[in-house]
Every structure is written in structure tokens, then in C-alpha cells.
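Report on the structure given below.
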Amino acid sequence: MASTAALPSSEPARRAYDSLPYPGYSFRETHPDHLGAVAALYGLITPGVEGARILELGCGCGTNLAAIALSLPAATCVGVDISSRQIEIATKLAVDLQLSNLSFHCHDFLDYEPARQSFDYIICHGVFSWVPIAVRERILSLIRDALSGNGVAYVSYNTFPAWQDRLVGREMMLFHLERHPPGSAAGVKDALDLLRFAAEANSGLNAEYEKSLKAVLEPLVEKPDWYVAHEYLEETNEPLWFSAFASIIDAADLQYLGDARPASSFIDRLPQKLAHAVEHISWDRIAREQHVDLVVNRSFRRSLVCSRRHSLTESPSAEAIRTLSVGCPLVCSDAAGIRFDRTLQRFDNFRGPAFETAEPLLKHALAQLSALWPAWVSYTELEQSLLSLDTDSSWRIQTQRELPAQLLNVFAQGGVELHRSVPAFVIRPGEQPTTSPLARQQARTASYVTNLRQETVSLGSCDRLLLALFDGSSSTEQLRNALHEMLKSGAIAPSGEHRATPAQELAELLLAETLERLCKNALLVA
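Here this note's numbering is used: the sequence shown runs in plain steps of one and ends on residue 527.
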């Protein structure tokens, strides 16, 4: 099996990421806007997002933190990583984007001291399970000591029970990996080939074993080498039971606040009979969430933690929604549209399961929020808009009394988002359309970009080419003329349905369609 030669405890991670950097991605749940909203539901009012101090431990190549810094220009963002190669990439990114509120530093966490600075939001994504115990303990002590009074930290990690079978596949792959240099493509291929061989060898012999090996192998076949190498083949990969994580942070004088994807831990996600059974066998919140993990075979968690001195609520508070902003991607599935009576209707969610309701008040709210998507609006504005629909006193009383609880119900099922800050993007293009500078830079070399909702968005080749034009220096007329020239020169080839369309007309159409897509994908800042 893999070598365990004595090395400083962080050294294997340094070597792994220096030899094969983890490409830049963003993670929506790590944004302070989202972290602060979830914290508010459990009674913790975190510092204001706009001017916050933000620390990312294990910042990698910097994309996630750069996206946050772009969306919060008055915030101070600090990234720390053990890989000097990744920090070089991150620092160049900050310079290229001219982000004066962002800095990156190469440190081993065991030696890192944040210069007596406190941070309102601390992010540690994709690190905790992949480092030895001593480093995990140091991460928690850094969070405890560096977190501001009402601050919150995000820590993600692999979990049991889902990782039980995956560990068998991991150990199997590590056996072949020792013959190859760290981070080599040949090593990853050899490791996957062994897993494939073992699965195929059990065909017709041991169906259960074959099934468990294929369950590990199949999701990895289409993944890039860097993903397999860092997710499965690091020197350390220690999944945790959620209840064990809760005990570990308790020993560090911290406490569990909630999950960054709250709906994933709510008992409401289970069938009613099963939810009652889980509630019956659970003695507290930690036990309840652990039982949910067991039932759904959970593989990954994104836990929010804070100081143990705070008194948190056991369950999310609907009243807290009054202090937040609300967004919703739900769209009514009925071809005739929403019926604002007590007819039961389904609302589709491209991000998750559909939602059904017969509540007229909630239907009105979902209709207004959906029209604003991908942006959001303050609860106060939403309530005032709904109150204006009817002057009857009973409507006013119902709206003011019931709306928060109804929105929380949709939130618990993943159909509503909650926010602490205003959107950093526009949903209608301005006179000189401008895209995110980070997205423009990414589009030069990648088929995906980071939008201003902290999400990764895939782009077609035409959109990648056009994205560079929207730098704020050209009016819509100038952009249309530029597209006309690109069509005439062949730089952009029209699709089959548009081959007979005159270039000038097609340029007009392409510009309108492109701007609409950029708005829907939260890529325009003006």
C-alpha cells in the first residue's frame, strides 16, 4: 500500500499540489452573503457582509476568493495555502484583476499566525478530510482564535456512511499509485485501471462486490486527472461521521451552527413516515442530523461553526427571514401559468426537486421572486409588493403573519435562497454592457467561468468568444457592429437555422440572445 515515510505532516499535501495544482473553481455556499443568511436563521447575526474580513484556509489557485473579492469590493480578503505554485497562480490572478482588497500567502497551517487579526468569515473548503489530525486540530484552533465575536466559519469534509465503500476503492488504487511520481497522469490511469480490472474480474462471481466497485469507478471515469488525484489519491483522506465532527469541534471550544446547504440536513426532506421514525429515535439535533445522513447515505458535508459562547436556536427561525433577502428559481409547470386560487400546482426547480403548493399567498410570492431571478429582493420589499395587491385587511394580516413561515417551508425543500447582501450583478444590460473581469479572463482558456453568484457556468464556444467584447468600453451599437464584422470575416459561424439570415440582422439577433443569456447567468455587472 501507499508509503508512510516520516515527513512533516503537511509536506505530502505541499508536494501533491505543487506537482498537480487544483484548477480554479468557485463554491456558492462559501460566500459570506450565504453564510451570514444561514447563521441568521439560527440566531447568530454575523458582521455585515459588504465590509467584512474574510479568510480562506486552503485557497488553492485563488478563484473562489477572487470571486468573493470582486463581489465585495469593500471587504478584505486573505487567502492562505501550503502550495507555493498555487499561491503564485492566485497572486497573478489578483494582480491581473487589479483587486486591491485581495492578498494571498504561502504558509503551512501548522506555522501560520494571522498577525492578531480577526476575521468575520473563515472558509476551509476541501481541506479538512485531506490533512492529518495535527493539521485538522490546527485548522480548528485557527478558527477559534481568529474568528471575530459573531463570526462564522465554513468547513467541508467527506463523510460516512457513503465513503465506507469508497475507501476500499481508494486503497486499491493507492497500491498501483506507488510506482508513479506524484501527480502523474500515468499514475492516475494505472490506479483507475486496477479498479476497473477488479470490478470486471468479479463479473458473474461476486455480484455485490462488483456492484460496490463499479459504484466507486463509474463516477470517476469521466473526471479529469487532477480531480481523481486530489479527491481519492492524496496521502490522507479521512472521512468523518457527522457526530464525530460535532464532538471534535466541541473539544476545540466551537459549536455546530448548521449546514451550508440547510435543506440537505432537514428532516423535512424525508418521506413523512420516515421523518417521524427518525425524530423518534433521535435524542438531540446532532443525533437527528446523523440519522438523516445514515438514511440518505451522505458523502460530503459543508458545516458552519461558531464560538461555543453563542446561544443558537435548535431549528431555523421563520422570523429571521424578515431581516434577509429572498430569491427563487421556481417556475410554475402549468402551461396556463399560475392560478392564484387554492388549486394545487407544481413549481419546477432546475436546481433541485419540484415544489407543490395550493397557497395563494405563496404563489404570489413565488411569481414575483421568479420574475427577478437570478437576482433577489429584500423581504421587506417583497412583503410591501404583496400587500399592494389587495387592500383588504385580512390579506394584510395573512401576509404579515404567514409569509415568513411559508417561505421557510420552501427554503427547507431547496426552492428558495436567502441572502444578506445586494446582488453584485444586473438582470438588464446597461448602455455599455460589462461582464465580470474574472469571467472574461477565464473565458480565454476555459469552457467554464465564475459568475457573480459565486457559481460555475459552462459556456459555448461562441459565448466565450463574445464575452471578451463586453468590457464596458463599447455601446450596444458598437457591439452590434463588431458582431457584424465577426460574422462577415467568419470569426463566428452562424448555426444551420441562421445560415441564410443577413449578417446585419443576425448580428442584432446574436447580440440580443447573448445579452439575455449573460443576464440569466448573472455575468453582467452593468
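Heads up, the beta-carbon is just placed ideally off N, CA and C, and yes, glycines get one too.
Small disclaimer: the values here were computed from a predicted structure and weren't measured.
- Rounded to the nearest angstrom, the Cβ distance from VAL39 to GLY328 is 14 Å, too far for a contact under 8 Å.
- VAL427 is positioned such that its CB atom lies closer than 7 Å to that of LEU525.
- Taking one beta carbon from each stretch, the stretch 313-332 and the stretch 372-391 have 3 or more pairs nearer than 8 Å; the two touch.
- A straight-line Cα-Cα distance of about 4 Å links ALA359 and LEU345.
- DSSP, reduced to helix, strand and coil, places PHE120 within a strand of the structure shown.
- For ASP191, the enclosing alpha helix (DSSP H) begins and ends at 186-202.
- Beta-bridge pairing by DSSP links ARG302 to TYR158.
- When the Cα atoms are used, GLU12 and GLY80 turn out to be separated by approximately 19 Å.
- The way I'd put it, the stretch 470-480 doesn't touch the stretch 444-455; fewer than three beta-carbon pairs between them come closer than 8 Å.
- Rounded to whole angstroms, the gap between the alpha carbons of ASP19 and LEU73 is 29 Å.
- Between the beta-carbon of GLU30 and that of ARG262 there is about 6 Å, and that keeps the pair under the 8 Å contact cut.
- Excluding the 5 residues flanking it on each side, CYS463 has same chain C-beta neighbours closer than 7 Å at ILE493, in chain order.
- For ILE55, the enclosing beta strand (DSSP E) starts and ends at 54-58.
- Taking a contact as a CB-CB distance under 8 Å, the pair ARG137 and ILE83 does not count as one, their CB atoms being some 14 Å apart.
- Under DSSP, no beta-bridge partner is assigned to ARG441.
- Cα atoms of VAL306 and ALA247: separation of roughly 9 Å, rounded to the nearest angstrom.
- Between the stretch 239-256 and the stretch 161-174, the count of Cβ pairs shorter than 8 Å is three or higher; the stretches touch.
- Excluding the 5 residues flanking it on each side, ILE90 has same chain C-beta neighbours closer than 6 Å at CYS62, in chain order.
- According to the DSSP assignment, LEU258 belongs to the beta strand (DSSP E) that extends over 255-260.
- Under the 8 Å Cβ criterion, the stretch 171-178 counts as touching the stretch 187-206, having at least three qualifying pairs.
- Non-local C-beta neighbours of ASN452 in its own chain, meaning closer than 6 Å and more than five positions away in sequence, comprise VAL458, ASN522, ALA523 and LEU524, ordered along the chain.
- With at least 16 other beta carbons inside 10 angstroms of its own, PHE105 counts as buried.
- Boundaries of the beta strand (DSSP E) harbouring LEU103: 103-107, taken from the DSSP string.
- For VAL293, the enclosing alpha helix (DSSP H) begins and ends at 286-297.
- Distance from the CA of LEU148 to the CA of SER101, rounded to the nearest whole angstrom, comes to 23 Å.
- Around the C-beta of GLU498, fewer than 16 other C-beta atoms lie within 10 Å, and the residue is accordingly described as exposed.
- In this structure, the beta-carbon distance from ARG54 to PHE120 falls below 7 Å.
- As the crow flies, the alpha-carbon of PRO317 is around 5 Å from that of LEU42.
- With a cutoff of 7 Å on beta-carbon distance, TRP131 and GLU235 are scored as near each other.
- Partner residues in the beta bridge of THR435, as assigned by DSSP, are ASP472.
- Per the Cβ contact rule, the stretch 275-285 is not in contact with the stretch 411-428 (fewer than 3 Cβ pairs under 8 Å).
- Residue LEU512 holds the alpha-carbon nearest to the alpha-carbon of MET487 among SER334, ALA187, SER474 and LEU512.
- Per the coordinates, the alpha-carbon of VAL378 lies some 35 Å from the alpha-carbon of ASP285.
- Check the Cα spacing between ASP226 and each of ALA17, GLU290 and ALA200: the tightest is with ALA17.
- For LEU214, the CB contacts under 6 Å within the same chain, skipping 5 residues up- and downstream, are ALA199 and ALA200 in chain order.
- With respect to the 7 Å criterion, LEU383 and HIS365 are not classified as neighbours on the basis of their beta carbons.
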